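This report concerns only the one structure given below.
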Amino acid sequence: MSKIIIFLGPPGAGKGTQSQLLKERNGFIQISTGDLLREAVKNQTELGKLAKQYMDEGKLVPDDLIISLIKEKLQEYADKNIIFDGFPRTIPQAESLDNLLSHLNKNVDAVILFKIEDDEVVKRLAGRRVCPSCGAVYHMIYNPPKTDEICDKCGARLIQRDDDKEEVIRKRLEVYHQQTKPLIEYYKNKIVEIDATDNPKNIYNKIASMI
Ligand code: AP5
29 MSKIIIFLGP
39 PGAGKGTQSQ
49 LLKERNGFIQ
59 ISTGDLLREA
69 VKNQTELGKL
79 AKQYMDEGKL
89 VPDDLIISLI
99 KEKLQEYADK
109 NIIFDGFPRT
119 IPQAESLDNL
129 LSHLNKNVDA
139 VILFKIEDDE
149 VVKRLAGRRV
159 CPSCGAVYHM
169 IYNPPKTDEI
179 CDKCGARLIQ
189 RDDDKEEVIR
199 KRLEVYHQQT
209 KPLIEYYKNK
219 IVEIDATDNP
229 KNIYNKIASM
239 I
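Going by the numbering used here, the residue at position 147 of the sequence shown is 175; the numbering climbs one at a time, nothing skipped.
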């Protein structure tokens, strides 16, 4: 039976970093709503045009757009082990996910809660660089590329995300506390907490041993 895991936590907690490790080493499918939206923005699709303004302001994209994205992906990967990275982010999104999964005779197996303080998030995101070509994530101090600003994996020039400016990060944190934190109660029987300030290798080992 395939597994459905949710990574829940504030921006910059390391959800994307750990999802990539589980994808590379354990064969999980990573479904990141943030990555899917950024792809749509890059390709200037209707969804991308609608989403851009919300993302640039650090606000959540409306639930109905996110749910139809997820519906499509679930159909594509119905029989795979999946990590949802950054989804769900609201109670209506979580209820819709339960509903979609029940039609596939599945349910959420575990929710990993990444715990980290807001000030640490701001420090982390200021140093984050991402590869626009293959999606690899770096940090200029904690996890730098071998050659300055160049992706180790594909050689593309790294970029800073538009929403990694301090005022937008603060807004994303506020949105997390108001709209996403209620999911901790919603998933209280499935939550496993991890200390997201530990080093990435230890965090990976803990998650891999749990799932
Ligand atoms: P999204 O892309 O999902 O952003 P996020 O949740 O804010 O998370 P991040 O990608 O910023 O952080 P992360 O936890 O993945 O951390 P990372 O591994 O990169 O969403 C962007 C926007 O899209 C939202 O604001 C919203 O508008 C929209 N959106 C997306 N999903 C939505 C939804 N479901 N509903 C509505 N709207 C939605 O790590 C961060 C940095 O720290 C990196 O530099 C990394 O190298 C470093 N790092 C990682 N782990 C460690 C560690 N253990 N120690 C030290 N450094 C570390």
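The beta carbon of each residue, even a glycine, is placed where N, CA and C say it ideally should be.
Note that this is a predicted model, so its numbers are computed, not measured.
Q. Among 148, 162 and 167, which has the Cα closest to the Cα of residue 156?
A. Locating residue 156 in the sequence shown gives position 128, counting from the first residue. Nearest option by C-alpha distance: 167.
Q.
Please report the distance separating the alpha-carbon of residue 96 from that of residue 82.
A. Looking up residue 96 in the sequence shown gives position 68. Looking up residue 82 in the sequence shown gives position 54. If I take the Cα positions, the gap works out to 17 Å.
Q: Whole angstroms is fine: what's the gap from residue 65's alpha carbon to residue 124's?
A: Position 37 of the sequence shown, counting from 1, holds the residue named residue 65. Position 96 of the sequence shown, counting from 1, holds the residue named residue 124. Per the coordinates, the alpha-carbon of residue 65 lies some 19 Å from the alpha-carbon of residue 124.
Q) Residue range of the beta strand (DSSP E) that residue 141 falls in? A) To locate residue 141, count along the sequence shown from 1; it is residue 113. Start and end: 138-143.
Q | Contact belief for residue 117 with residue 45 at Cβ below 8 Å, rounded distance in angstroms | A | Taking the first residue of the sequence shown as position 1, residue 117 is located at position 89. Taking the first residue of the sequence shown as position 1, residue 45 is located at position 17. Rounded, the Cβ-Cβ distance is 18 Å, inconsistent with contact.
Q: Tell me, to the nearest whole angstrom, how far the beta carbon of residue 34 is from that of residue 136; I am working on the premise that it is less than 8 Å.
A: Numbered from 1 along the sequence shown, position 6 holds the residue referred to as residue 34. Numbered from 1 along the sequence shown, position 108 holds the residue referred to as residue 136. Contact holds; Cβ gap of about 6 Å.
Q | Helix, strand or coil at residue 66 according to DSSP, with G and I counted as helix | A | The count along the sequence shown starts at 1 and reaches residue 66 at position 38. It is helical.
(Q) On the criterion of 16 or more Cβ atoms from any shown chain inside 10 Å, does residue 162 qualify as buried, or is it exposed? (A) By 1-based counting over the sequence shown, the position of residue 162 is 134. Its Cβ having fewer than 16 others within 10 Å, residue 162 is exposed.
Q | Coarse secondary structure for residue 97, derived from DSSP in three states | A | For this step, residue 97 is matched to residue 69 along the sequence shown. Note: residue 97 maps to helix in three-state DSSP.
Q.
Beta-carbon within less than 6 Å of residue 139's beta-carbon, same chain only, minus the 5 sequence neighbours each way: which residues are those?
A. Stepping through the sequence shown from its first residue, residue 139 is reached at position 111. Annotation for residue 139: 34, 36, 215, 218 and 219 place their beta carbon closer than 6 Å to its own, counting only its chain and skipping 5 residues before and after.
Q) For residue 43, is the classification buried or exposed, using 16 other Cβ atoms within 10 angstroms of its Cβ as the cut-off for buried? A) Taking the first residue of the sequence shown as 1, we reach residue 43 at position 15. Residue 43 is buried by the Cβ-count criterion.
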